[in-house]
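Chemist:
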Amino acid sequence: MNQTMTAGDPRLAPPDGTVVQVTDLRRRYGGSGGFEAVRGVSFSVAQGELFALLGTNGAGKTSTLELVEGLDRPSGGTVRVFGRDPYRDRAAVRPRTGVMLQEGGFPPDLTVAETARMWAGTLPHPQPVERVLELVDLRHRARTQVKQLSGGERRRLDLAMAILGRPDVLFLDEPTTGLDPESRHNTWQLVRALLVDGITVLLTTHYLEEAAELADRLAIMHQGRIVTAGTVAEVVAAHPARINFVLPDGLDPAELPALPGSQPPPANAPSVAAGRLTLYTDTLQPALTTLLGWANGRGLDLIGLDARSASLEEAFLAVAQSGESIRESGESVQEGVR
Amino acid sequence: MTAPTEATSGGLVRRLGLGRVSLRRIGALGRAELVLLLRNKTAATTALLLPLATVALFATFLTGEGHVSTGALLATSMFGFVLLYVVYYNLVTTYVARREEGVLKRLRTGVVTDAEILVGAAVPALVLTLAQVVLTVVAATVFFDLPVPVNLPLLLVALLAGCVVFVLLAAASSGFTRTVETAQITTMPVLILSMIGSGFTGQVASLPDGIARVFQMLPLTPVLELVRLGWLGTTGAEPPSDFVGVLAQAGRPALVVLLWVAVGVWATRRWFRWDTRR
Numbered sequence: 001m002n003q004t005m006t007a008g009d010p011r012l013a014p015p016d017g018t019v020v021q022v023t024d025l026r027r028r029y030g031g032s033g034g035f036e037a038v039r040g041v042s043f044s045v046a047q048g049e050l051f052a053l054l055g056t057n058g059a060g061k062t063s064t065l066e067l068v069e070g071l072d073r074p075s076g077g078t079v080r081v082f083g084r085d086p087y088r089d090r091a092a093v094r095p096r097t098g099v100m101l102q103e104g105g106f107p108p109d110l111t112v113a114e115t116a117r118m119w120a121g122t123l124p125h126p127q128p129v130e131r132v133l134e135l136v137d138l139r140h141r142a143r144t145q146v147k148q149l150s151g152g153e154r155r156r157l158d159l160a161m162a163i164l165g166r167p168d169v170l171f172l173d174e175p176t177t178g179l180d181p182e183s184r185h186n187t188w189q190l191v192r193a194l195l196v197d198g199i200t201v202l203l204t205t206h207y208l209e210e211a212a213e214l215a216d217r218l219a220i221m222h223q224g225r226i227v228t229a230g231t232v233a234e235v236v237a238a239h240p241a242r243i244n245f246v247l248p249d250g251l252d253p254a255e256l257p258a259l260p261g262s263q264p265p266p267a268n269a270p271s272v273a274a275g276r277l278t279l280y281t282d283t284l285q286p287a288l289t290t291l292l293g294w295a296n297g298r299g300l301d302l303i304g305l306d307a308r309s310a311s312l313e314e315a316f317l318a319v320a321q322s323g324e325s326i327r328e329s330g331e332s333v334q335e336g337v338r
Numbered sequence: 339m340t341a342p343t344e345a346t347s348g349g350l351v352r353r354l355g356l357g358r359v360s361l362r363r364i365g366a367l368g369r370a371e372l373v374l375l376l377r378n379k380t381a382a383t384t385a386l387l388l389p390l391a392t393v394a395l396f397a398t399f400l401t402g403e404g405h406v407s408t409g410a411l412l413a414t415s416m417f418g419f420v421l422l423y424v425v426y427y428n429l430v431t432t433y434v435a436r437r438e439e440g441v442l443k444r445l446r447t448g449v450v451t452d453a454e455i456l457v458g459a460a461v462p463a464l465v466l467t468l469a470q471v472v473l474t475v476v477a478a479t480v481f482f483d484l485p486v487p488v489n490l491p492l493l494l495v496a497l498l499a500g501c502v503v504f505v506l507l508a509a510a511s512s513g514f515t516r517t518v519e520t521a522q523i524t525t526m527p528v529l530i531l532s533m534i535g536s537g538f539t540g541q542v543a544s545l546p547d548g549i550a551r552v553f554q555m556l557p558l559t560p561v562l563e564l565v566r567l568g569w570l571g572t573t574g575a576e577p578p579s580d581f582v583g584v585l586a587q588a589g590r591p592a593l594v595v596l597l598w599v600a601v602g603v604w605a606t607r608r609w610f611r612w613d614t615r616r
């Protein structure tokens, strides 16, 4: 992980290098009887780190991010960016942040270049407009009106505007939604280059691959809470590896040997589906060795054998499918992140 | 880009909670808004032609009364229509359009302050107002043989105050307006009251006392009274006064204008919305 320091007002950076600190954050829409979209969220993002907020639609990712951006006052809890309240100390925080909202927000009748010049004119130390448009591969579209851009091009314009002011921290709300695979990879490359320069990034995404590719740490949200959090490895480690194969004719699963690290199937997951048997284990290699030794001894052919470590997808689906039961075990992880 | 030029307009602005004001940032937003206004044919037509067309229409049946000639009445009424169409109506649609496009929300993620966003969006309206006022003064002097303004500072202050009042009323009205199209309806109360109350259709002073007093409290009436005092030296009933004489008469309308500025600030804080309805 990159820890390069950027130039900035040292008074704004806490000594421990924490850039974003969110504590027991709450956001309620529509007064005291209204809907609580964020229900006690805590996390911190360190200098030079990329922290990803994952979650299903409506999990509260955008509502959380908007509070961190300082767009609204939380109904409970605190947000600190460089040690300041981004809502009340707007003037101190904003020159150091770059924001990409979920939806653009640029006048459709302006051209790309006019939009960029307008935005640059509001920033204290903007980068050259041409350079930033080049970075997001939009320079050839400079004279095109925003309303004529494709969805992906608009996303890239938005990213360009977010980095135009040389921010120390970037808040990106679903930065690659609507991008084709090539543009997505280009965006990832750009974000990685920014991380190398020491910029801190907090992003939301519902692309697991994006989080796995970019995130130093991540949190999975569900119904306004963080259910599980940590590095990709930590989050995944909470979930067992899977071995599955076509159940040989006449074999009773009870005849199988006890596998090292064996785990019960997660909630809602049948162990036999469409004739395939799925086994779960915390220790994939010894379990696989035991299974294959046993099969060799019995002269069994395990057709369609598939063994894989847990991935972010398992973790995510487990959260989405059984938020309630996971939440209990997730509390301890959440404590650890504070 | 050159170094930022921060024009900190001291105590009052800060006490209103507006923070530092940067003319450079307002300029950047204003330039973009001017491009947008010229690209929007409906808005550009409203801003450029409607005041003139309305005055031309009024010219067919208005005649001057008392110490105000027909030419003077038309010329000062032109200022009123500019404030209503170019500043008020035009800005209601601008604020609503930018809000519904998500532009206001996006701008608020940046360094610009709330006051700069509101003023920046108003720049084209204010520039056009200035241009039409100058054209009106020139045209009035050439065609209607109007006198040189009796008290130019008062005239300018009156116009500036009128702009402030109607920018604020536009911001507040945009809070009630869901789409650019419904602005035609939501702006009607302010437009109609201002028109009948401000003496476009005859002198306020010639109305029965009670009604006259109510009309004098409406937002446009005191602005136009100050304009007529500054330019002609009279609102119609009295013979024209000199530079100092008009100041004595300016007190009451000035107070009403200040009251409307206060109402406008309060209403904007109360109703203006940065984000679309969730």
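Order-wise, the sequence lines are chains R and Z.
For what it's worth, the numbering used here labels the leading residue of the first sequence as 1, then goes sequentially.
For what it's worth, the numbering used here labels the leading residue of the second sequence as 339, then goes sequentially.
Don't be surprised by glycine CBs; every beta carbon is placed ideally from N, CA and C.
The structure presented is a predicted model; accordingly, all values stated were derived computationally and were not measured.
Are there three or more Cβ pairs, one per stretch, closer than 8 Å when the segment 493–507 of chain Z is compared with the segment 417–434 of chain Z?
Modeler: Touching, yes, given that three or more Cβ pairs across the two stretches are closer than 8 Å.
Chemist: Consult DSSP for R:N244 and reduce its assignment to one of helix, strand or coil.
Modeler: Looking up residue 244 of chain R in the first sequence gives position 244. If DSSP states are grouped into helix, strand and coil, R:N244 belongs with the strands.
Chemist: Please confirm if R:E174 has its CB atom under 8 Å from at least one CB of chain Z.
Modeler: Locating residue 174 of chain R in the first sequence gives position 174, where the first residue counts as 1. Not an interface residue.
Chemist: Between R:K147, R:R166, R:D109 and R:G98, which has its C-alpha nearest R:R131's C-alpha?
Modeler: As a position in the first sequence, residue 131 of chain R is number 131, starting the count at 1. Per the Cα distances, R:R166.
Chemist: For R:K61, count neighbouring C-beta atoms within 10 Å of its own C-beta (all shown protein chains included) and say buried if the count is 16 or more, exposed if not.
Modeler: Translated into the one-based positions of the first sequence, residue 61 of chain R becomes position 61. That one is buried.
Chemist: Closer than 9 Å by beta-carbon distance: list the chain R residues that pair up with Z:L367, in chain order.
Modeler: In the second sequence, residue 367 of chain Z corresponds to position 29, counting from 1. Within 9 Å Cβ-Cβ: M118, G121 and T122.
Chemist: Rounded to the nearest angstrom, what separates Z:F610 and Z:L558 at their Cα positions?
Modeler: By one-based count along the second sequence, residue 610 of chain Z stands at place 272. By one-based count along the second sequence, residue 558 of chain Z stands at place 220. Z:F610 and Z:L558: Cα-Cα distance of roughly 21 Å.
Chemist: Would you list, in chain order, the members of the segment 63–74 of chain R that have their beta-carbon closer than 7 Å to a beta-carbon of chain A?
Modeler: The structure shown has no chain A; the protein chains it does contain are R and Z.
Chemist: With R:Q47 and R:P108 assumed to form a contact (beta carbons below 8 Å), what rounded beta-carbon distance in angstroms separates them?
Modeler: Here residue 47 of chain R refers to the residue found at position 47 when the first sequence is read from its first residue. Here residue 108 of chain R refers to the residue found at position 108 when the first sequence is read from its first residue. Not a contact, Cβ separation roughly 37 Å.
Chemist: Give a yes or no on whether the C-beta atoms belonging to R:A116 and R:H239 are separated by under 8 Å.
Modeler: Position 116 of the first sequence, counting from 1, holds the residue named residue 116 of chain R. Position 239 of the first sequence, counting from 1, holds the residue named residue 239 of chain R. In this structure, R:H239 does not lie closer than 8 Å to R:A116 by Cβ.
Chemist: Kindly indicate if chain Z contains any beta-carbon less than 8 Å away from that of R:V22.
Modeler: Along the first sequence, read from residue 1 onward, the residue named residue 22 of chain R stands at position 22. Chain Z contact via Cβ: absent.
Chemist: Going by the DSSP bridge assignment, what does R:E36 pair with across the sheet?
Modeler: Here residue 36 of chain R is taken as the residue at index 36 of the first sequence, counted from 1. DSSP lists R:R28 as partners of R:E36.
Chemist: Kindly say whether R:P340, judged by its beta-carbon, lies nearer than 8 Å to any beta-carbon of chain Z.
Modeler: No statement about residue 340 of chain R is possible, as the shown extent of chain R runs from 1 to 338 and does not include it.
Chemist: If we ignore side chains and look at the alpha-carbon of each, how far apart do Z:V582 and R:G76 end up?
Modeler: For this step, residue 582 of chain Z is matched to residue 244 along the second sequence. For this step, residue 76 of chain R is matched to residue 76 along the first sequence. Z:V582 and R:G76: Cα-Cα distance of roughly 58 Å.
Chemist: Please determine, among Z:G440, Z:E563 and Z:G589, the residue with the shortest C-alpha to C-alpha distance to Z:S532.
Modeler: Here residue 532 of chain Z refers to the residue found at position 194 when the second sequence is read from its first residue. If we check each option's Cα against that of Z:S532, Z:E563 comes out closest.
Chemist: So, at 7 Å on beta carbons, what are the nonlocal neighbours of R:P86 in its own chain, with the 5 sequence-adjacent residues on each side left out?
Modeler: Translated into the one-based positions of the first sequence, residue 86 of chain R becomes position 86. Closer than 7 Å at the Cβ level, and outside the excluded window around R:P86, lie V68, E69, G70, V79 and V93.
Chemist: R:Q223: which of R:V22, R:L54, R:D282 and R:F43 sits nearest, CA to CA?
Modeler: The sequence position of residue 223 of chain R within the first sequence is 223, counting from 1. Nearest C-alpha to R:Q223: R:L54.
Chemist: Kindly indicate if chain R contains any beta-carbon less than 8 Å away from that of Z:L456.
Modeler: Walking along the second sequence from the start, residue 456 of chain Z turns up at place 118. For Z:L456, the answer is no, since every Cβ of chain R falls outside 8 Å of its Cβ.
Chemist: Can you name the residues of chain R whose CB is closer than 7 Å to the CB of Z:V373?
Modeler: As a working note, residue 373 of chain Z is residue 35 in the second sequence. Correct list: L110 and E114.
Chemist: R:L101 touches chain Z at which residues, Cβ-Cβ below 8 Å?
Modeler: Position 101 of the first sequence, counted from the start, is the residue given in the question as residue 101 of chain R. Near R:L101 (Cβ distances below 8 Å), the residues of chain Z are G440, K443, R444 and T447.
Chemist: Taking CB distances under 8 Å as the criterion, tell me whether R:R192 reaches chain Z.
Modeler: Your numbering for residue 192 of chain R matches position 192 in the first sequence. With 8 Å as the cut-off, R:R192 does not count as an interface residue toward chain Z.
Chemist: 8 Å is my cut-off, CB to CB: does R:R106 come that close to chain Z?
Modeler: Locating residue 106 of chain R in the first sequence gives position 106, counting from the first residue. Before going further, note that residue 106 of chain R is Phe rather than Arg in the sequence given. Yes, R:F106 counts as interfacial toward chain Z.
Chemist: For the putative contact between Z:L556 and Z:G535, defined by C-beta atoms under 8 Å, what is the C-beta separation to the nearest angstrom?
Modeler: Against the second sequence, residue 556 of chain Z aligns to sequence position 218. Against the second sequence, residue 535 of chain Z aligns to sequence position 197. 4 Å between Cβ atoms; contact.
Chemist: Can we say the segment 515–530 of chain Z touches the segment 431–444 of chain Z, given the rule of at least three CB pairs closer than 8 Å?
Modeler: In short, these stretches touch, since the Cβ pair count reaches three.
Chemist: Z:K443: buried (16+ other C-beta within 10 angstroms of its C-beta) or exposed?
Modeler: Within the second sequence, numbered from 1, the residue matching residue 443 of chain Z stands at position 105. Z:K443 should be labelled buried.
Chemist: How would you label R:S150, buried or exposed, when you count the other beta carbons within 10 angstroms and need 16 or more for buried?
Modeler: Walking along the first sequence from the start, residue 150 of chain R turns up at place 150. So R:S150 ends up on the exposed side.
Chemist: Taking C-alpha atoms, which residue in R:G250, R:A258, R:N244 and R:L292 lies nearest to R:L277?
Modeler: Walking along the first sequence from the start, residue 277 of chain R turns up at place 277. Looking at the Cα atoms, R:N244 is the closest of the given residues.
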